[in-house]
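Undergrad: Have a look at the structure that comes next, please.
Numbering (UniProt numbering), first residue to last: 1 to 320.
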């Protein structure tokens, strides 16, 4: 039995993602087969495609997250055939083949049953982005009177975070950043109260301060973000959209404002309890999550080009 998959054989641009017919993975002990119904794209997959993930060898089927149903199970008690599931992280699409396909074989411990009536494109927009945003929300200890800055406001995680916060605290003030004046001016139409320009890693927000900052650009802008931190504020770093992995020339005594806090959330620390808490939160506050663009698997090259161009807003989803 064969399936359609996007296989990468060597590092490079989007054109290196080749649509091929490959064998459907054979079930083995402790692993179950998932019929893919949709998956979100992530910037980390662009880095891997470019050859910037040294632990990943080619050929490989990329994709660190998916939604789907159990096609064949080795754990029929917890994962009976037909169960609606999600999965993300756990070396999926890195150490072993991931979700850019019609089927994927995953370890049972990283397959999570979900009860949801959402359309597949909407459900596919949730796992990685919303889990990261929800973890950051908890790390930041948001209060109703918090003033919030989202550094990287047009990203999938940034917009998911905005929805999660505004649903609970509709009157809270949230500012978002973008690299261009044109996109910054559109941030208010997405739900932000203010749009700010990030000019090559320097924020144009003279005289403003925030007591909660979600840092999605990462080490490239953390020190600049701290320039706008209120006394006793919290900065939570969860992304590396700036393509810089480590803080350089960073002095925690002088670069972190006195009384402020630097926190983080790593979405690789996945557990079923946190996932259920996230879905309960989404249900409690009637949060609607839609992808910004939906592509077919045949158009995976175009989907990667679109995400990499950063011309859009929000989560990009692929439906096989």
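Think of the CB as a built atom: it goes at the ideal place given N, C-alpha and C, for glycine as much as any other residue.
Which value, in whole angstroms, describes the spacing of the CA atoms of residue 163 and residue 136?
TA: Taking the first residue of the chain shown as position 1, residue 163 is located at position 163. Taking the first residue of the chain shown as position 1, residue 136 is located at position 136. Roughly 13 angstroms between the two C-alpha positions.
Undergrad: Would you kindly report the start and end of the unbroken alpha helix (DSSP H) that includes residue 120?
TA: By one-based count along the chain shown, residue 120 stands at place 120. Here the alpha helix (DSSP H) through residue 120 covers 120-124.
Undergrad: So what does DSSP say about residue 306, is it helix, strand or coil?
TA: Translated into the one-based positions of the chain shown, residue 306 becomes position 306. Under the three-state reduction of DSSP, residue 306 is assigned to helix.
Undergrad: What residue does the beta strand (DSSP E) around residue 264 start on, and which one ends it?
TA: Translated into the one-based positions of the chain shown, residue 264 becomes position 264. Counting along the chain, the beta strand (DSSP E) containing residue 264 begins and ends at 261-264.
Undergrad: Give me, in chain order, the residues of the same chain whose beta-carbon lies closer than 6 angstroms to that of residue 75; leave out the 5 immediate sequence neighbours on both sides.
TA: By one-based count along the chain shown, residue 75 stands at place 75. Here the set comprises 108.
Undergrad: So, at 6 angstroms on beta carbons, what are the nonlocal neighbours of residue 14 in its own chain, with the 5 sequence-adjacent residues on each side left out?
TA: Start at 1 with the first residue of the chain shown, and residue 14 comes out as number 14. If we look at residue 14 and ignore the five residues flanking it on each side, its Cβ neighbours are 301, 304, 305.
Undergrad: To which residues does DSSP link residue 321 through a beta bridge?
TA: Residue 321 is absent from the model: the chain starts at 1 and stops at 320.
Undergrad: Does the structure place the segment 247-258 close enough to the segment 215-229 that three or more beta carbon pairs sit under 8 angstroms?
TA: They touch, by the three-pair rule.
Undergrad: Which residue comes first and which comes last in the alpha helix (DSSP H) that contains residue 159?
TA: Translated into the one-based positions of the chain shown, residue 159 becomes position 159. For residue 159, the enclosing alpha helix (DSSP H) begins and ends at 156-168.
Undergrad: What did DSSP end up calling residue 171 once you bin it into helix, strand or coil?
TA: Within the chain shown, the letter at position 171 stands for residue 171. In this structure, residue 171 counts as coil in the three-state DSSP scheme.
Undergrad: Starting from residue 276, follow the alpha helix (DSSP H) in both directions and report where the run begins and ends.
TA: Numbered from 1 along the chain shown, position 276 holds the residue referred to as residue 276. From DSSP, the alpha helix (DSSP H) with residue 276 extends over 272-284.
Undergrad: Provide the residue(s) that pair with residue 103 in DSSP beta bridges, ordered along the chain.
TA: The residue labelled residue 103 in the question sits at position 103 within the chain shown. Partner(s): 35.
Undergrad: DSSP beta-bridge partners for residue 199?
TA: Translated into the one-based positions of the chain shown, residue 199 becomes position 199. Partner residues in the beta bridge of residue 199, as assigned by DSSP, are 202.
Undergrad: Suppose the cutoff is 8 angstroms on Cβ atoms and the five residues either side in sequence are ignored; what does the same chain contact list for residue 197 look like?
TA: Residue numbering aside, residue 197 sits at position 197 when the chain shown is read from its first letter. Only 177, 178, 179, 180, 181, 184, 203, 204 meet the Cβ criterion.
Undergrad: So if DSSP puts residue 326 in a beta bridge, which residue, or which two residues, is it bridged to?
TA: The structure shown has nothing for residue 326, since the chain only spans 1 to 320.
Undergrad: Please state whether DSSP places residue 6 in a helix, a strand or coil.
TA: What you label residue 6 is simply residue 6 of the chain shown in a count that begins at 1. If DSSP states are grouped into helix, strand and coil, residue 6 belongs with the strands.
Undergrad: Do you know offhand how far residue 167's Cα is from residue 285's?
TA: Within the chain shown, residue 167 is the residue found at index 167, counting from 1. Within the chain shown, residue 285 is the residue found at index 285, counting from 1. Straight-line Cα distance between these residues: approximately 6 angstroms.
Undergrad: Suppose contacts are defined by Cβ-Cβ distances below 8 angstroms. Is residue 315 in contact with residue 291 by that definition?
TA: As a working mapping, residue 315 is identified with position 315 in the chain shown. As a working mapping, residue 291 is identified with position 291 in the chain shown. Taking 8 angstroms as the Cβ cut-off, residue 315 and residue 291 qualify as a contacting pair.
Undergrad: With 16 as the cutoff for other CB atoms within 10 Å, does residue 70 come out buried or exposed?
TA: Against the chain shown, residue 70 aligns to sequence position 70. By the 10 Å Cβ count, residue 70 comes out buried.
Undergrad: What three-state label does DSSP hand residue 69 in the structure shown?
TA: Locating residue 69 in the chain shown gives position 69, where the first residue counts as 1. Residue 69: strand per DSSP, three-state reduction.
Undergrad: Round the Cβ separation of residue 32 and residue 106 to the nearest angstrom and send it over; I've been treating them as touching at under 8 angstroms.
TA: As a first step, residue 32 must be located in the chain shown, where it is residue number 32. As a first step, residue 106 must be located in the chain shown, where it is residue number 106. At roughly 7 angstroms, the Cβ-Cβ gap stays under 8 angstroms, so residue 32 and residue 106 are in contact.
Undergrad: With 16 other CB atoms within 10 Å as the buried threshold, where does residue 97 fall?
TA: As a working note, residue 97 is residue 97 in the chain shown. That one is buried.
Undergrad: Any idea what DSSP makes of residue 352, helix, strand or coil?
TA: Absent from the structure is residue 352, since the part of the chain shown begins at 1 and ends at 320.
Undergrad: Of the choices 80, 95, 24, 195, whose alpha-carbon is the least far from that of residue 55?
TA: For the purposes of this step, residue 55 is taken as residue 55 along the chain shown, with counting starting at 1. Taking only the C-alpha atoms, the option nearest residue 55 is 95.
Undergrad: So, with DSSP's three-state summary, where would you put residue 300?
TA: Looking up residue 300 in the chain shown gives position 300. Helix.
Undergrad: If you follow the beta strand (DSSP E) that residue 28 is in, where does it begin and where does it stop?
TA: On the chain shown, position 28 is the one that residue 28 refers to. No beta strand (DSSP E) holds residue 28; DSSP gives it neither H nor E.
Undergrad: Starting from the Cα of residue 29, find the closest Cα among 12, 174, 1, 72 and give me that residue.
TA: Here residue 29 refers to the residue found at position 29 of the chain shown. Considering only alpha carbons, the answer is 72.
Undergrad: Quickly, what does DSSP pair residue 331 with across the bridge? List them, please.
TA: Since the first and last residues shown for the chain are 1 and 320, residue 331 lies out of range.
Undergrad: In whole angstroms, what separates the C-alpha of residue 264 from that of residue 199?
TA: Position 264 of the chain shown, counted from the start, is the residue given in the question as residue 264. Position 199 of the chain shown, counted from the start, is the residue given in the question as residue 199. Rounded to whole angstroms, the gap between the alpha carbons of residue 264 and residue 199 is 24 angstroms.
Undergrad: Given 8 angstroms as the limit, is there contact between the segment 79-96 and the segment 114-132, that is, 3 or more CB pairs closer than that?
TA: yes
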